[in-house]
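The structure appears below as structure tokens.
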Amino acid sequence: MLRGAGVLMHISSLPGKFGIGTFGKEAYKFADFIKKAGMKYWQILPLGHTGFGDSPYQCFNVFAGNPYFIDFDILEESGLLKDIEYKNEDYGQNSEKVDYGKIYNSKYKVLKIAYENYKVDKPYEIELQFLQFKKKNSFWLEEYSLYMALKLHFDVGNWYNWDNDIKSRKPEAIIKYKTKLKDEIEYWSFIQYLFFSQWFELKKYVEVLGIEIIGDIPIYVAEDSVDTWSAPENFRLDKRTLEPTVVAGCPPDAFSDTGQLWGNLIYDWNLMKKTGYKWWISRIRESLKLYDVVRIDHFRGFESYWAIPYGNGTAVNGSWEKGPGIELFNAIKAELGDVNVIAEDLGNLTDEVRDFLKQTGFPGMKILQFAFDGSNDNCYLPHKYSPKCVAYTGSHDNDTLLGWCEKTASGNDIKNAKEYLGLNETEGYSWGLIRGVCASVADVSIAQMQDFIGAGNEARMNLPSSMGTNWSWRIKSDRLTDELANKMAGLNYRFER
């Protein structure tokens with residue numbers, strides 16, 4: 001990665017009239033804004049089809065995209081919608097945050113109308129593109145579309161609660177439901193066609209601007225997912241009941257005294273090794289079509305991971321177990337060549353994890369908010385950085401800089417930050433902290449968009465181990481001013497980013 005600066009803001013946080021950010025004109029305007037701001041990178045969160053809790057780190061499939069991001073104005077331009085069919089819906093557009101309940105009810109209603117319109121008119125160009133899309137992506141699309149159709153058939157239930165014949169994928173049951181749910185299956189395939197068509201148009205535009213998109217993939221998949229239902233052998237499940245034996249998380253740390261109980265299934269790495277890690281190779285290959293650079297969340301889990309006995313209420317009673325290590329990434333490199341990956345190497349780091357990261361050659365992450373405990377040997381202090389890293393003011397799991405200063409950080413942390421960076425009220429603490437990563441030797445410096453506009457704790461994207469208000473922050477379009485872009489550009493120019 002070339003020396004440069006970037007901004008972290010997910011698609012869901014874009015402004016717009018549909019209650020959640022989309023791939024429409026506001027996304028293009030934001031790309032223009034960060035170009036003017038001198039940014040070389042736009043980092044987003046996972047684009048996957050989110051499930052219960054709306055977390056982009058808990059998706060129904062590792063390949064499918066989130067239907068919420070499909071823009072209806074674009075569908076009207078292509079003839080799939082009339083304005084009366086979508087403009088009067090209640091998307092929660094009057095709320096300052098995403099109202100996922102309203103989004104769920106309104107978005108799918110309109111997407112169904114678009115599909116029905118397609119079936120009636122069958123525009124030749126769209127029909128041809130749809131057929132080509134299905135053929136090219138059949139290796140994941142067929143299972144995904146069947147899964148989503150089955151979820152609706154079984155009242156949106158987890159596959160563990162489906163009838164036994166289809167839960168265990170009896171061949172006769174697969175045939176029965178493919179016939180019975182044929183139209184619903186086609187609908188979900190069509191929705192994915194719309195998602196990818198709009199995403200790749202936006203990505204092409206961003207590339208022309210000279211901006212690279214840093215995408216994000218979770219290390220694990222959701223329990224309620226196509227991936228676990230269609231290939232349960234890839235995971236550590238009881239062969240008789242198909243229930244997990246262990247689930248993923250991380251031990252107690254700075255975020256939580258009881259650790260983080262994610263509940264994701266853990267891979268059967270022995271089986272994956274026997275298959276030549278084909279599943280992971282396919283996942284990385286497809287991710288690199290979506291993004292220019294892939295950030296892999298919880299990267300240390302490839303060296304060793306925290307396994308928690310299934311049924312535990314917290315992550316306290318887990319234990320460390322060995323992952324595939326460098327062998328996995330040697331297999332990926334042998335198949336795909338050098339890949340652009342950022343390793344999220346945060347958390348409990350051991351010498352083994354550090355050695356593993358060196359072996360991969362991938363840049364790791366530095367989080368400025370972790371730097372000010374008073375130790376001059378803290379690896380998150382900017383003077384400790386090496387060029388081959390990505391320096392963040394904070395990730396999506398951190399508070400905003402203003403929220404950190406006012407609420408989250410200890411008084412001692414604030415005192416140390418002021419002394420180390422020369423923070424002052426004239427410049428503004430948020431801008432002083434951004435300067436800290438921007439002035440460093442790190443090849444890439446990134447700050448959340450919330451930090452550039454000086455948003456407080458109310459704009460925090462995610463509070464780990466909590467539910468209810470996460471993933472809902474949105475920026476107002478009037479905050480993306482020329483004055484702000486010029487200020488950001490000035491900082492990037494000063495530090496040769």
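Letter 53 of the sequence shown, counting from 1, is numbered 53 in this note's numbering, and no numbers are missing. Where is the CB? At the ideal position from N, CA and C, for every residue including glycine. Only a predicted model underlies this, so the values are computations on that prediction, with no experimental measurement involved.
- CA-to-CA distance, residue 224 to residue 265, given in whole angstroms: By 1-based counting over the sequence shown, the position of residue 265 is 265. By 1-based counting over the sequence shown, the position of residue 224 is 224. Straight-line Cα distance between these residues: approximately 10 Å.
- Message: Quick check for students: name the residue ranges of the alpha helix (DSSP H) that lie wholly in the segment 265-349, counting only runs of 4 or more.
- Response: 269-274, 278-290, 326-336
- Query: In angstroms, rounded to a whole number, what distance separates the CA positions of residue 6 and residue 100?
  - Reply: Residue mapping note: residue 6 aligns to position 6 of the sequence shown, counting from 1. Residue mapping note: residue 100 aligns to position 100 of the sequence shown, counting from 1. Looking at the two C-alpha atoms, the distance is approximately 28 Å.
- Task: For residue 249, write down the residues that DSSP places opposite it in a beta bridge.
- Result: Residue 249 sits at position 249 when you count from the first residue of the sequence shown. BP columns for residue 249 point to 261, 306.
- Query: Okay, do the segment 447-464 and the segment 395-403 touch, 3+ Cβ pairs below 8 Å being the bar?
  - Reply: yes
- Item | Status (buried if at least 16 other CB within 10 Å, exposed otherwise) for residue 14 | If you number the sequence shown from 1, residue 14 lands on position 14. So residue 14 counts as buried.
- Per-residue DSSP class, three states only, for residue 37: Locating residue 37 in the sequence shown gives position 37, counting from the first residue. Three-state result, residue 37: coil.
- When the Cα of residue 181 is compared with those of 207, 302, 205, 147, which residue comes out closest? Residue 181 sits at position 181 when you count from the first residue of the sequence shown. Among 207, 302, 205, 147, the Cα nearest to that of residue 181 belongs to 147.
- Task: Can you check DSSP and say which residues form a bridge with residue 447?
- Result: In the sequence shown, counting from the first residue as 1, residue 447 sits at position 447. Answer is 7.
- By Cβ distance below 7 Å, which residues in the same chain neighbour residue 502 in space, the five residues on each side in sequence not counted? The chain is shown only over 1 to 497; residue 502 falls outside these bounds and no answer can be derived.
- Hey, out of 76, 361, 97, whose CA is closest to residue 87's CA? As a position in the sequence shown, residue 87 is number 87, starting the count at 1. Taking only the C-alpha atoms, the option nearest residue 87 is 76.
- Query: Name the DSSP beta bridge partners of residue 473, please?
  - Reply: Numbered from 1 along the sequence shown, position 473 holds the residue referred to as residue 473. DSSP output for residue 473 lists 97 as bridge partner(s).
- When 200, 133, 313 are compared against residue 258, the one with the closest alpha-carbon: Position 258 of the sequence shown, counted from the first residue, corresponds to residue 258. Of 200, 133, 313, the residue nearest in Cα terms is 313.
- At least three beta-carbon pairs within less than 8 Å, the segment 139-156 to the segment 218-234: yes
- Query: Since residue 196 and residue 133 are thought to touch, with beta carbons under 8 Å apart, how far apart are those beta carbons, to the nearest angstrom?
  - Reply: Your numbering for residue 196 matches position 196 in the sequence shown. Your numbering for residue 133 matches position 133 in the sequence shown. Correct: roughly 7 Å between the Cβ atoms.
- Query: When the Cα of residue 67 is compared with those of 461, 61, 49, which residue comes out closest?
  - Reply: Reading the sequence shown from its first residue, position 67 is the one you call residue 67. The option with the nearest alpha carbon to residue 67 is 49.
- From residue 211 to residue 169, what distance separates their C-alpha atoms? On the sequence shown, position 211 is the one that residue 211 refers to. On the sequence shown, position 169 is the one that residue 169 refers to. Rounded to whole angstroms, residue 211 to residue 169 spans 44 Å at the Cα level.
- Message: Assuming residue 411 is part of the alpha helix (DSSP H), what are its boundary residues?
- Response: Taking the sequence shown and counting its residues from 1, the one referred to as residue 411 is at position 411. Where residue 411 is concerned, the enclosing alpha helix (DSSP H) stretches over 411-421.
- Query: Buried or exposed: where does residue 451 fall if 16 or more other Cβ atoms within 10 Å of its Cβ makes it buried?
  - Reply: As a working mapping, residue 451 is identified with position 451 in the sequence shown. Residue 451 should be labelled buried.
- So is residue 231 buried or exposed if we call it buried at 16+ other beta carbons inside 10 Å? Taking the first residue of the sequence shown as 1, we reach residue 231 at position 231. Answer is exposed; the Cβ neighbour count stays below 16.
- Item | Own chain partners of residue 350 with C-beta closer than 6 Å, once the 5 adjacent residues on each side are dropped | Here residue 350 refers to the residue found at position 350 when the sequence shown is read from its first residue. Within the same chain, residue 350 has no close Cβ partners at all.
- Item | Close beta carbons around residue 472, own chain, < 6 Å, minus the five adjacent residues each side | Within the sequence shown, residue 472 is the residue found at index 472, counting from 1. Around residue 472: 97, 98.
- Query: Nearest-angstrom Cα distance between residue 445 and residue 4?
  - Reply: For the purposes of this step, residue 445 is identified with residue 445 of the sequence shown, where counting begins at 1. For the purposes of this step, residue 4 is identified with residue 4 of the sequence shown, where counting begins at 1. The straight-line gap from Cα to Cα measures roughly 7 Å.
- Rounded straight-line distance, which links the Cα of residue 280 to that of residue 69: Mapped onto the sequence shown, residue 69 falls at position 69. Mapped onto the sequence shown, residue 280 falls at position 280. Answer to the nearest angstrom: the Cα atoms are 26 Å apart.
- On the three-pair Cβ rule with 8 Å, is the segment 319-336 touching the segment 373-391? no
- Message: At the level of alpha carbons, what is the spacing between residue 521 and residue 124?
- Response: Because the chain is modelled from 1 through 497, residue 521 falls outside the range shown and cannot be assessed.
- Query: In whole angstroms, what is the alpha-carbon distance linking residue 243 and residue 236?
  - Reply: Here residue 243 corresponds to residue number 243 of the sequence shown, with the count starting at 1. Here residue 236 corresponds to residue number 236 of the sequence shown, with the count starting at 1. Roughly 9 Å separates the two Cα atoms.
- Task: Please determine if the segment 21-41 and the segment 475-483 are in contact, where contact requires at least 3 C-beta pairs separated by less than 8 Å.
- Result: yes
- Item | Assigned secondary structure, residue 198 (DSSP; H/G/I helix, E/B strand, else coil) | For the purposes of this step, residue 198 is taken as the residue at position 198 of the sequence shown. The answer is helix: DSSP assigns residue 198 an H, G or I state.
- Query: On the three-state DSSP scale, how would you describe residue 228?
  - Reply: The residue you call residue 228 lines up with position 228 of the sequence shown. Helix.
- Query: Looking only at DSSP bridge pairs, what is residue 235 linked to?
  - Reply: Here residue 235 is taken as the residue at index 235 of the sequence shown, counted from 1. According to DSSP, residue 235 bridges with 267.
- Item | Per-residue DSSP class, three states only, for residue 58 | Within the sequence shown, residue 58 is the residue found at index 58, counting from 1. Reduced to three states, the DSSP call for residue 58 is coil.
- Message: Please identify the residue among 138, 20, 27, 342 whose C-alpha is closest to the C-alpha of residue 95.
- Response: Reading the sequence shown from its first residue, position 95 is the one you call residue 95. Nearest C-alpha to residue 95: 20.
- Item | Completely contained alpha helix (DSSP H) runs for the segment 150-181, where each covers 4 or more residues | 164-167, 171-180
- From 334, 293, 261, residue whose alpha carbon lies closest to that of residue 307: Translated into the one-based positions of the sequence shown, residue 307 becomes position 307. Checked all of 334, 293, 261; the closest Cα to residue 307 is 261.
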